[in-house]
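For reference, the structure is listed below as structure tokens.
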Amino acid sequence: MNITIREIQVDVARHMMQISPNDTQVRNIVMQMNMGEGKTSVIIPMLALSLCSPLSSLVRVVVLKSLFHMNYQSLRFKLGGLLNRRIFSFACRRNMDFNHIQVNQIFDRLQQGLHRCDIILISPEAILSFDLLMIDKCRRHEFDTARSMLIVQRWLKTFARDVLDESDEILHCKYQLIYTVGAQQQVDGGVERWKLIQLILNSVQKFAADIAQSDPDDSCYKSPKCKSAFPEFRLLSHQPYAKLSAKIVHDWLNQKSYRKTDKQTILSFIFDMNTSVDALVHRFSSNDIQSFLIIRGLLSTEVLLVALKKRYRVHYGVNSHTSFNRLMAVPFRAKDVPAERTEFGHPDIALVLTQLSYYYSGLNDSQMIQCFNRLSEEERDPESIYDEWISQEDENDVPQTRTPSNLAYSTLQYVSDQLFLEPLCLSSRSETVSS
Numbered sequence: 001m002n003i004t005i006r007e008i009q010v011d012v013a014r015h016m017m018q019i020s021p022n023d024t025q026v027r028n029i030v031m032q033m034n035m036g037e038g039k040t041s042v043i044i045p046m047l048a049l050s051l052c053s054p055l056s057s058l059v060r061v062v063v064l065k066s067l068f069h070m071n072y073q074s075l076r077f078k079l080g081g082l083l084n085r086r087i088f089s090f091a092c093r094r095n096m097d098f099n100h101i102q103v104n105q106i107f108d109r110l111q112q113g114l115h116r117c118d119i120i121l122i123s124p125e126a127i128l129s130f131d132l133l134m135i136d137k138c139r140r141h142e143f144d145t146a147r148s149m150l151i152v153q154r155w156l157k158t159f160a161r162d163v164l165d166e167s168d169e170i171l172h173c174k175y176q177l178i179y180t181v182g183a184q185q186q187v188d189g190g191v192e193r194w195k196l197i198q199l200i201l202n203s204v205q206k207f208a209a210d211i212a213q214s215d216p217d218d219s220c221y222k223s224p225k226c227k228s229a230f231p232e233f234r235l236l237s238h239q240p241y242a243k244l245s246a247k248i249v250h251d252w253l254n255q256k257s258y259r260k261t262d263k264q265t266i267l268s269f270i271f272d273m274n275t276s277v278d279a280l281v282h283r284f285s286s287n288d289i290q291s292f293l294i295i296r297g298l299l300s301t302e303v304l305l306v307a308l309k310k311r312y313r314v315h316y317g318v319n320s321h322t323s324f325n326r327l328m329a330v331p332f333r334a335k336d337v338p339a340e341r342t343e344f345g346h347p348d349i350a351l352v353l354t355q356l357s358y359y360y361s362g363l364n365d366s367q368m369i370q371c372f373n374r375l376s377e378e379e380r381d382p383e384s385i386y387d388e389w390i391s392q393e394d395e396n397d398v399p400q401t402r403t404p405s406n407l408a409y410s411t412l413q414y415v416s417d418q419l420f421l422e423p424l425c426l427s428s429r430s431e432t433v434s435s
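One point on numbering: in the UniProt record's numbering, the residue at position 77 of the sequence shown is 77, and numbering is uninterrupted.
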């Protein structure tokens, strides 16, 4: 085994191992080093080897799931062989249906690992999944298994000593794990919640250019190619958000027929989180109060700010893979790399980012056909709805067959030719003439 240990690496490892006896409150230590200075390849193996104790410490090296295989090979190469230290992984997922006998076997193996100074390699998802699985066992009245898992959990809290690689990522709030329970239900407000979020995003579209002009250093804006398209707009800081929120609320209130005093009451309720909903109960209907609460949650709790700070196709997007049978936006790990088996935990964040994803990407052919089929078969006045869709576009940019009565919605070939190919041909002709 060839390894060179530099002095700075020894100093960092010694500092993390030797907690000052003068400060009894310090139980965790975080160190920051530059990329390439040997955190994973040198310092973590040193810590894992030195912190093991057959009486008091079972070392758990906690790594990101994406780096799991690399860390396993590194620890096995440096600590196995001549040093004869076993590296074993610990995995736990919801579909692992443990019984109490299997949990006891895991417990025996962990105790053996403590006495032999073995090292556990684990991901944060596995730690969280084991805790949630114990609660899920209680919910399903499997108390023997849950009791055994609780014993293991308490034992680990006593004897396990964790070493976190890339601690800023592991301890980030996005590494939460949620077990869904029960049948799928609509979010509070149902369809009206979706529509209200659309109204909010329409106001964002209306005021995005003004915000970008007044705060060019704190926002990113690219004007759309056509009038009805949503602009590429992103907030880079918290600075312009208060101005944008005020514009959105005033624009929404101007579309309503409330009295002036009622509008002031609504404004104070939306922007003052200390205002109780009791002040609205006898003055507004339950549907109105629900709308106020949704807008308050989107704006005052900065849900919209979180959404507008994220980059489309980098931080979020729709997973178009055929094996992923969902239309909602999901987190992305990198550009065009959706996170597997991951969803946004906050429902309003999921709704806002889903709508933004489709605003930026548009609909594919099959989704367009589905929309037109529903428009012609289920809506009472399809022509007015269709006219509203194209109301902001120039007549030259819209196919001649612009009324639903002239569109053969049930014929895929017709819609593909008329709706998609005709504008493409017109664009190609104009490019040919101009060239």
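Every residue, glycine too, gets a C-beta built ideally from N, C-alpha and C.
Could you check whether residue 252 and residue 199 sit closer than 8 Å to each other, using their CB atoms as the reference points?
By the CB criterion at 8 Å, residue 199 and residue 252 fall inside the cutoff.
Restricting to Cα atoms, I'd like to know which of 93, 45, 231, 47 is closest to residue 356.
For residue 356, the nearest C-alpha among the options comes from 231.
Compare the beta carbon distance of residue 47 and residue 91 with 8 Å and say whether it is the shorter of the two.
Their beta carbons are not under 8 Å apart, which means residue 47 does not touch residue 91 by this criterion.
Proximity to residue 114 [Cα-Cα], best of 165, 58, 71:
58
Looking only at its own chain, which residues have a Cβ that is under 7 Å from the Cβ of residue 134, when we skip the five neighbours before and after it?
Result list for residue 134: 146, 149, 150, 153, in chain order.
What distance in whole Å lies between the Cβ atoms of residue 79 and residue 119, which are believed to be in contact at a cut-off of 8 Å?
7 Å
Quick check: the Cα distance between residue 196 and residue 295, rounded to an integer number of angstroms?
Computed Cα separation, rounded: 8 Å.
According to the neighbour-count rule (16 or more other Cβ atoms, all chains shown, within 10 Å of its Cβ), is residue 241 buried or exposed?
buried
Which value, in whole angstroms, describes the spacing of the CA atoms of residue 370 and residue 361?
17 Å
Hey, residue 170 and residue 204 are a contact pair by Cβ (cut 8 Å); roughly how many whole angstroms apart?
Actually they are not in contact, since the Cβ atoms of residue 170 and residue 204 sit about 33 Å apart, beyond 8 Å.
How is the alpha helix (DSSP H) around residue 251 delimited, first residue to last?
Residues 241-254.
Closest residue to residue 37 among 62, 5, 137 (Cα-Cα distance):
5
Member of 107, 288, 254 whose CA lies at the smallest distance from the CA of residue 193
288
Residues of its chain near residue 124, where Cβ-Cβ distance is below 7 Å and the 5 sequence neighbours each way are ignored
62, 170, 175
Taking the CB atoms as reference points, tell me whether residue 351 and residue 316 lie closer together than 8 Å.
No; because the gap between Cβ atoms is not below 8 Å, this pair is not in contact.
Residues in its own chain within less than 6 Å of residue 380 by CB, not counting five upstream and five downstream?
none
Distance, residue 201 Cα to residue 409 Cα:
With a pLDDT of 41 at residue 409, under the threshold of 50, the predicted position of this residue should be treated as unreliable, and no value is reported.
Helix, strand or coil at residue 316 [DSSP, three-state]:
strand
Roughly how many whole angstroms lie between the Cα atoms of residue 378 and residue 387?
17 Å
Classify residue 71 as buried or exposed, calling it buried when 16 or more other Cβ atoms lie within 10 Å of its own Cβ.
Burial of residue 71 is indicated by the presence of at least 16 other C-beta atoms within 10 angstroms of its C-beta.
Going by beta carbon distance, what residues of the same chain come within less than 8 Å of residue 116, once the five residues before and after it are set aside?
54, 86
In the structure shown, what three-state DSSP assignment does residue 175 receive?
coil
Output needed for residue 336: all residues of its chain with C-beta closer than 7 Å, excluding positions within five of it in sequence on either side, in chain order.
Excluding residues within five positions, the ones whose Cβ falls inside 7 Å are 313.
Closer than 6 Å by C-beta to residue 162: which residues in its own chain qualify, once you throw out the five before and the five after it? Chain order, please.
60, 62
Could you give the residue range of the beta strand (DSSP E) that holds residue 222?
Going by DSSP, residue 222 is part of the beta strand (DSSP E) stretching over 219-222.
Residue 270, buried or exposed, once every other Cβ within 10 Å from all chains shown has been counted against 16:
buried
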